[in-house]
DNA sequence: CGCTTATATAATCATATAATCATATAGTCA
DNA sequence: TGACTATATGATTATATGATTATATAAGCG
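Residue numbers (the numbering used here), protein chains in the order written: chain A, 295 to 404; chain B, 295 to 404.
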């Protein structure tokens with residue numbers, strides 16, 4: 295199966311998805327969900343944000359199918375729908391590390 | 295070597311980097327640079343945007359070390375500094391494909 | 001030195017969106 | 001049913017930032 299790459303056609307969708315991930319609180323939510331499903335309340339506590347704000351970001355994540363939602367009893371349980379997002383974060387972290395190293399080298403070395 | 299993952303400490307940097315990638319024109323520029331170094335003028339033509347706009351986005355990309363810049367003669371040659379970004383785009387494309395497939399399945403099947 | 005070309009940058013404007021606040025909906029349990 | 005808990009959502013505000021315009025800087029070339 296060929297890997298799907300960036301094309302003029304999918305530029306917007308790809309950019310949109312990156313933008314979804316470009317909000318610290320949303321990453322924080324995803325990072326928390328990495329440990330398993332969580333209720334909104336649990337995420338509010340974990341992130342230190344407000345309930346409406348967390349709910350809103352969950353809606354966004356849900357709309358783009360980055361998370362799944364399951365209602366049980368009184369609570370809504372959210373979980374990551376595609377674990378590949380964490381691979382993304384790993385790569386970005388690697389990117390940043392290399393960029394910082396370059397910067398350091400440029401500062402020290404010339 | 296352990297992969298660097300998302301942590302409470304690096305959340306902001308990671309989010310910032312995602313946001314940098316969340317702009318279609320910037321992705322378009324990177325996509326063009328995937329074929330090798332390009333001058334600003336070449337990127338202006340390839341993207342159909344204006345010169346100041348392309349220059350500004352290149353500045354942003356440069357500031358975050360997503361691209362390198364080399365001045366030769368009258369022109370500035372830009373190139374991708376860390377090819378791992380394309381891996382990111384591939385993964386995101388895969389994400390989107392799966393999300394769309396889910397959506398389709400949800401529509402048809404349940 | 002002007003003239004042209006290539007690139008960068010400052011100022012402004014327009015827009016998207018994150019946070020907040022208030023409120024609505026929905027489920028549980030007495 | 002009424003009270004409580006959990007979650008969602010609409011309206012508003014504040015802010016960040018992308019696009020545009022005009023202009024500045026810099027390099028080549030006659």
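Ideal Cβ placement from N, Cα and C applies to all residues, glycine included.
Query, Result
"Cα separation between residue 305 (chain A) and residue 366 (chain B)?", "30 Å"
"What is the DSSP secondary structure of residue 343 (chain A), counted as helix, strand or coil?", "coil"
"Anything in chain B within Cβ reach of residue 358 (chain A), meaning under 8 Å, just list it in chain order.", "393"
"Roughly how many angstroms lie between the CA atoms of residue 376 (chain A) and residue 389 (chain B), to the nearest whole one?", "7 Å"
"Is the distance from the Cβ of residue 315 (chain A) to the Cβ of residue 361 (chain A) below 9 Å?", "no"
"Cβ of residue 322 (chain A) less than 9 Å from any chain B Cβ?", "yes"
"Under 7 Å Cβ to Cβ from residue 343 (chain B), same chain only, skipping five residues before and after it: list those, please.", "319"
"Which residue wins for smallest C-alpha separation from residue 371 (chain B), given the options B:321, B:329 and B:301?", "B:329"
"Does the distance from the CB of residue 345 (chain A) to the CB of residue 335 (chain A) come in under 9 Å?", "yes"
"Hey, how far is the Cα of residue 393 (chain A) from the Cα of residue 301 (chain A)?", "25 Å"
"When the cut-off is 9 Å and only beta carbons count, does residue 398 (chain B) lie next to chain A?", "no"
"Please determine whether the Cβ atom of residue 303 (chain A) lies at a distance below 8 Å from any heavy atom of the ligand ZN.", "The ligand ZN is not among the ligands present in this structure, which contains no ligands whatsoever."
"So with Cβ pairs under 9 Å, would you call residue 330 (chain B) a contact of chain A?", "no"
"Use the C-beta contact count for residue 309 (chain A): other C-beta atoms within 10 angstroms, 16 or more gives buried, fewer gives exposed.", "buried"
"Quick one, are the C-beta atoms of residue 341 (chain B) and residue 369 (chain B) less than 9 Å apart?", "no"
"Could you have a look at residue 359 (chain B) and say whether DSSP puts it in helix, strand or coil?", "coil"
"Is the shortest distance between the beta-carbon of residue 415 (chain A) and the beta-carbons of chain B less than 9 Å?", "Any property of residue 415 (chain A) remains undetermined from this structure, which presents chain A solely from 295 to 404."
"Give the range of the alpha helix (DSSP H) segment to which residue 374 (chain B) is assigned.", "First-last for residue 374 (chain B): 369-374, but that is the beta strand (DSSP E), not the alpha helix (DSSP H)."
"How far does the alpha helix (DSSP H) with residue 308 (chain B) in it reach, from first residue to last?", "305-315"
"Taking 8 Å as the limit between beta carbons, can you name the residues of its chain near residue 321 (chain B), skipping five residues before and five after?", "315 and 383"
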